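Some notes on the structure that comes next.
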Amino acid sequence: MMRAWHIAWKDMRVWLRDASAIGILLGMPVVLIFILGSALGGAQSGELALKIAVVNLDAGATVPVPGGAPTSSVGVPRSIGEEIASVLAGDERLKKLFSVEKLEDAEAAKERVAAGKLAAAVVVPQGFTRDVMGVKPAEITVYGDPGQQTSADIVESVVRSVAAPFSAASIAVQTVVETAQDAGVPPQDMQRVVGEGTGIAIQAATARGALDAVRVQETQAAPEVELRAIDFYGPSMTAMFLMFGAMFGAFATIKERREQTLSRILATPTSAMAVTAGKMLGIFLLGMVQFAVLYLSTRFLFGVRWGGDVLAIFAIAAAEMLAVTGLAILI
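Going by our numbering, 232 is the number at position 232 of the sequence shown; the sequence numbering is gapless.
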């Protein structure tokens, strides 16, 4: 066992005398933690605000008023496209998610999306209100940036939710028409019945609070301590460089084998098991020293919050070092 300790101590002294190794194992992680923690410190705390454009080409149509005269001219002008655009741009909940810019040219919006200036562009086509009232296929087009696919998917999901009541209104209008036809409503009364049904459906879909018919109450637990970027990069970079340190042990063993130093050690009255144990012990001790230095430097220089249980922290580090030590010996 003493021979294993001697081999481990010899390897430790060799590594600690190597200035380049010390720079990589101790200097580089400290610098990286400082740079990443400082440069990306505001990225995690900032709120998501996707830049999108809304283009409304819908001029609207006359929506029949329930109880009005049986003529197509009776009603109020409504633009479902304008109301959808107003919801996307003015809803208080969506203001936290989107930064909306209203444009009048669909091609210009598409060009800005293609240039990566916008995450997505929502285009309401001409005649959208008329198509919804006339039970025709009505489509809202969402142009997404391929480089921001997740953001484009978010925009599409929100647009689907906003447009859902109007889809329901279109289905309701179709149901009114089919029901009136099945009931044998006289042709002279058909226009009045369909007009009233259409007016009720459109008014219900565009009424204030229609989108909030079912509300989901979201409650987030406030964290006791806010996680900063440097609190993330400190432990993660340390864990990564512990593995790098173990690889130095593997490279040192390969070098000794290439230079025949390992053969000379095995020629002494030292068993192969003692040599292997010494190599593993040296790698493990080097890693624990490396962890202790990085732990103390990041905690007191940068204020990284590692947690209150120091013993548990070092136990986790020891578990990682056991794993990477075994990997280094296999190499």
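We treat Cβ as the ideally placed atom computed from N, Cα and C, and that holds for glycine. Just so it is clear, the structure is predicted and the values come from calculations on it, not from any experiment.
For the pair M28 and I316, the Cα-to-Cα distance works out to about 22 Å. Within the region 230–295, the runs of alpha helix (DSSP H) that reach at least 4 residues and sit entirely inside it are, in chain order, 261–267.
Taking the CA atoms as reference points, K255 sits about 28 Å from V30. Residues of the same chain with a CB within less than 6 Å of the CB of D105, apart from the 5 flanking positions on each side, do not exist. Counting only unbroken stretches of 3 or more residues, the beta strand (DSSP E) elements lying wholly within the region 83–132 are 98–103 and 120–124, in sequence order. CA-CA distance, E92 to A239, rounds to 42 Å.
Residue pairing for L50: DSSP places it in a beta bridge opposite F98. Around the beta carbon of E83, 16 or more other beta carbons sit within 10 angstroms, so the residue counts as buried. With respect to A152, D145 sits close: the two C-beta atoms are nearer than 9 Å. D182 and F166 have their C-alpha atoms roughly 24 Å apart. Nearest neighbour of D131 by Cα position, chosen from A318, D58 and A267, turns out to be D58. In this structure the region 291–309 does not touch the region 255–266; the number of beta carbon pairs closer than 8 Å is below three.
9 Å or more divides the Cβ of V113 from the Cβ of T141. Taking C-beta atoms as the reference points, Q149 and L50 fail to come closer than 9 Å. Annotated three-state conformation of G144 is strand, per DSSP. Boundaries of the alpha helix (DSSP H) harbouring D11: M2 to L16, taken from the DSSP string. Judged by DSSP in its simplified three-state form, A183 adopts coil rather than helix or strand.
Per DSSP, the unbroken alpha helix (DSSP H) holding I313 starts and ends at V310 to L330. At the C-beta level, G278 and L242 stay beyond 9 Å of one another. For P29, the enclosing alpha helix (DSSP H) has its first and last residue at M28 to A39. A152 carries a helical assignment under DSSP once its states are collapsed to helix, strand and coil. If you draw a 10 Å sphere on the C-beta of S79, you find 16 or more other C-beta atoms in it, and that means buried.
The beta carbon of E101 sits closer than 6 Å to those of A53, all from its chain and outside the five residues before and after it, given in chain order.
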